[in-house]
Amino acid sequence: MSGPNDPVQLSTFFDYESLDRAQRQVIQEHTGEIRKRLRRSAQDVWEIGQRLADVRSRLKYGQFLTWLKAEFGWSQRTAYNFINVYETFGDRFAKLAKVDIATSVLYQLAAPSVPEELRTEVLQAAASGQKITHKSIKSAIKQSKQTTNTASIAPETQEPAVKKPEIITVIPKSVELANPSRAAEPEPELEITAGWYQLGAQHLFCGDTATPSFVNAISQAKLAIAVTAEDWAHDWLIDQVDSVVVLPQEKFTIGTLKELLGLLSRTGDTVVFPWLPLPEMIATAHSLGRLVYAGDPSKQRCQRAIAATGLQVQPLASEPAVTLAG
5 MSGPNDPVQL STFFDYESLD RAQRQVIQEH TGEIRKRLRR SAQDVWEIGQ
55 RLADVRSRLK YGQFLTWLKA EFGWSQRTAY NFINVYETFG DRFAKLAKVD
105 IATSVLYQLA APSVPEELRT EVLQAAASGQ KITHKSIKSA IKQSKQTTNT
155 ASIAPETQEP AVKKPEIITV IPKSVELANP SRAAEPEPEL EITAGWYQLG
205 AQHLFCGDTA TPSFVNAISQ AKLAIAVTAE DWAHDWLIDQ VDSVVVLPQE
255 KFTIGTLKEL LGLLSRTGDT VVFPWLPLPE MIATAHSLGR LVYAGDPSKQ
305 RCQRAIAATG LQVQPLASEP AVTLAG
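For the sequence shown, my numbering gives the first residue as 5, with consecutive numbering after it.
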């Protein structure tokens, strides 16, 4: 890892000249401050996250990862460890600066899937002088999630876990496929802004799906299919989804999507798409009877996905109610 005094090769690795003067000045200032704070106390982690979040908001889609790798050699996942701490503990910065807590524990607590009650309990324990270890917090998070899931599902509605459902056909013959002509229809006049949209029984989030705004809307899903050309910051999927499939974007097709949905989920199951590289993804899952929670940071991709479904779209004022699915 580079130290604070290492020379910065700006023009070689990241094209600062492509930014306007004001943006360039702010981002270069943040770069220097982040380097100074890499000793990583709890307060430093928070402040690094604050600066990373600001840089992210100033760069276009795709530029943030390029900047991370050029300046620090970091993946997007590493950056989101810091950003999650900043966004999660924003109103408790003063308390955070006073506690002696390992940064690895801080990253765990800031994960979007961790209950707020547990965060408060751990910070209070740390403030009282109790030593919080990586192992103990990992165990506490696991126990908290098990308790939440057990309390949320009535005993009479529980079904035996089905690890390997019997697959008769990859695509059920009785289910009508999405009308392919819909994808060619003109896009709706609805102006897409950041936030949640409801498309019939399906849900679409236009924004960063690694943030609590998306994560908190999903309690437990059967399957997540993550298709991306970049490094991802979606570790929460491992805890909240029964099966996670990660595929490179260049090898992904709608045919592949249909096969995965048929093999790893059943009619009525909830599936998650953290990215929408192909506009027909929601429409395809809808035609196969799945409940979809999908998202993408690109407004254009969201617009195309909405158009491909042919469903009536309604903006939501807040995130949808948490859904439990088998």
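No residue lacks a Cβ here, since even glycine has one placed at the ideal position from N, Cα and C. Nothing here was measured: the structure is a model prediction, and the numbers come from that model.
- When secondary structure is reduced to three states using DSSP, Thr232 falls in the strand class.
- Nearest in C-alpha terms to Ala230, of all of Phe209, Ile222, Gln253, Pro216, is Gln253.
- Contact annotation: the stretch 298-313 touches the stretch 203-211, with at least three C-beta pairs closer than 8 Å.
- Between Gln80 and Leu69, the beta carbon gap of about 5 Å places them in contact (Cβ cut-off 8 Å).
- In the assembly as shown, Ser143 is an exposed residue. Its beta-carbon has fewer than 16 other beta-carbons within 10 Å.
- Under the three-state reduction of DSSP output, Ile222 falls in the strand class.
- In the structure shown, Gln29 falls within a helical segment according to DSSP collapsed to helix, strand and coil.
- Rounded to the nearest angstrom, the Cβ distance from Val245 to Leu267 is 15 Å, too far for a contact under 8 Å.
- In summary, Arg294 is buried, with 16 or more beta-carbon neighbours lying within 10 Å of its beta-carbon over all protein chains present.
- A Cβ-Cβ contact shorter than 9 Å links Val59 with Trp71.
- Within the same chain, Cβ atoms closer than 8 Å to the Cβ of Ala106 are found at Ile136, Thr137, His138, the five residues on either side in sequence being excluded.
- With at least 16 other beta carbons inside 10 angstroms of its own, Val49 counts as buried.
- Taken atom to atom, the span from the alpha-carbon of Val249 to that of Glu21 is near 38 Å.
- In the DSSP assignment, no residue is bridged to Trp71.
- At least 9 Å separates the beta-carbon of Ile38 from that of Glu91.
- Judged by DSSP in its simplified three-state form, Asp273 adopts coil rather than helix or strand.
- Cβ neighbours of Ile258 within its own chain (closer than 7 Å, five residues either side excluded): Leu282, Glu284, Thr288.
- About 11 Å separates the Cβ atoms of Pro278 and Thr215, ruling out a contact at the 8 Å cut-off.
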